[in-house]
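Protein chains in written order, with this note's numbering: chain A, 138 to 214; chain B, 601 to 953.
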């Protein structure tokens, strides 16, 4: 799983956030646009693109994009 | 796995009723939520108009009207109906059950067997499994399944995770004993380990209603609700639904040796567009066959499947023979699928009262 591609896929869920804002160390809850809707869109995106289902706990226990990436990676193996 | 097929039972007709009052997400205001946020909810969930029952209209009133009009159009004698099941989580009273009240109000015989089932989003599939099993076992000739909820009465207007999504509706499905009927296939499941994912905590016996039940509690995400109002954990339910619903539907296809291409239409529980589309893509269902009534009625809990059939497919149902793929999933947690064949059944446009 390419990190650049993962970031691009995550960034697509943020419609009003400037491109380049989302990085691996970004704490996603601090992005102004963050909402529970975006959390659901992330779960749907990860399911569609990576065939991995993130749980509510996976999101709740993550702070950064890296944390999410690690969760997805661990479920890919 | 609870997979089974019921023979010699046919659907004779179907109707649905909603309260005429409604909330329009793209037009109306909610406290603490600006218009842009509401519009974002509309675009993601596909939910705009959702009907809201006023104080004096209960689920039983919506189901009563749906049933009364359907029985009239079918020209069934009231005395011929020997079985009534009411599926809802918003009954008239804690006790007695609502089905006996409806039996009397509809003018059905006191020899009619009537009982309630407390099931939500999977309620239509579960209700159909129970009523068709009983018809097949007893050879009762005519039966009526009433399924609906006025779940908006349990919502906090300050809960953006529920209020913009839910609507109220009641439905009636008439069934009869028919030796020529194609088998109805069912695949049913339950998982109570996640019962807290969708819950009204207070008011039952585990956590009785008290003064504290009326206190609004504010959570980190700005939601304000009491413990007597509906709580929904969006992420957990999302994860559950996109995993379990496709698996259940794949299982029923396999067990019943049905080719997905042979199904004319799919009416799945109307949760929200993001969730329903994720499920559709996983099952590779043609979008033209995948019905939506979300934009008109929102998520009406147990009523979504029959309401969607009546609102989106009335003409086809009344003139054609159809093979339908149905799937309900949610509160319980509980989920299940069914494959139902219909032959020019009696329907009428969605009724408003």
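The beta-carbon is built from N, C-alpha and C at its ideal position, and this holds for glycine as well.
Quick check on residue 617 of chain B: does DSSP put it in helix, strand or coil?
strand
From B:771, B:635 and B:695, residue whose alpha carbon lies closest to that of residue 764 of chain B:
B:635
Between B:906, B:744 and B:701, which lies nearest to residue 732 of chain B when the distance is taken from Cα to Cα?
B:744
Just how far apart, CA to CA, sit residue 932 of chain B and residue 806 of chain B?
16 Å
Less than 8 Å between the CB atoms is what I'm expecting for residue 813 of chain B and residue 827 of chain B, so what's the real figure, rounded?
5 Å
Helix, strand or coil for residue 663 of chain B? Go by DSSP, reduced to three states.
helix
On the three-state DSSP scale, how would you describe residue 749 of chain B?
strand
Who does residue 769 of chain B pair with in a DSSP beta bridge?
B:749
Bounding residues of the alpha helix (DSSP H) (the contiguous stretch that carries residue 925 of chain B)
Taken as a continuous stretch (DSSP letters only), residue 925 of chain B belongs to no alpha helix (DSSP H), being part of the beta strand (DSSP E) at 921-930.
In the DSSP assignment, what residue or residues form a beta bridge with residue 936 of chain B?
B:788 and B:928
Using the C-alpha atoms, what's the distance from residue 688 of chain B back to residue 795 of chain B?
17 Å
State the beta-bridge partners of residue 651 of chain B as determined by DSSP.
B:622
Under 8 Å, Cβ to Cβ, is there at least one residue of chain A near residue 640 of chain B?
yes
Mind the definition here: the segment 166-186 of chain A touches the segment 870-882 of chain B only if three or more C-beta pairs lie below 8 Å; say whether that holds.
yes
Rounded to the nearest angstrom, what separates residue 952 of chain B and residue 786 of chain B at their Cα positions?
31 Å
In angstroms with no decimal places, state the Cα-to-Cα distance between residue 173 of chain A and residue 662 of chain B.
33 Å
Among B:939, B:701, B:710 and B:612, which has the Cα closest to the Cα of residue 857 of chain B?
B:939
For residue 823 of chain B, report the span of its alpha helix (DSSP H) as first-last.
Where residue 823 of chain B is concerned, there is no enclosing alpha helix (DSSP H), given that its DSSP letter is neither H nor E.
Using the beta-carbon count (16 or more within 10 Å), is residue 620 of chain B buried or exposed?
exposed
Are the segment 201-210 of chain A and the segment 717-731 of chain B in contact at 8 Å, needing three or more beta carbon pairs?
no
By DSSP, does residue 832 of chain B sit in helix, in strand, or in coil?
strand
Would you report the Cα separation of residue 708 of chain B and residue 680 of chain B, rounded to the nearest angstrom?
8 Å
Kindly provide the ranges of any alpha helix (DSSP H) runs that are 4 or more residues long and lie completely inside the segment 831-860 of chain B, ordered along the chain.
834-855
Using a Cβ-Cβ cut-off of less than 8 Å, list which residues of the segment 835-854 of chain B approach chain A; keep chain order.
835, 836, 838, 839, 842 and 843
For the alpha helix (DSSP H) containing residue 733 of chain B, list its first residue and its last residue.
723-738
By DSSP's criteria, residue 899 of chain B is part of a beta bridge. Which residues make up the other side?
B:766
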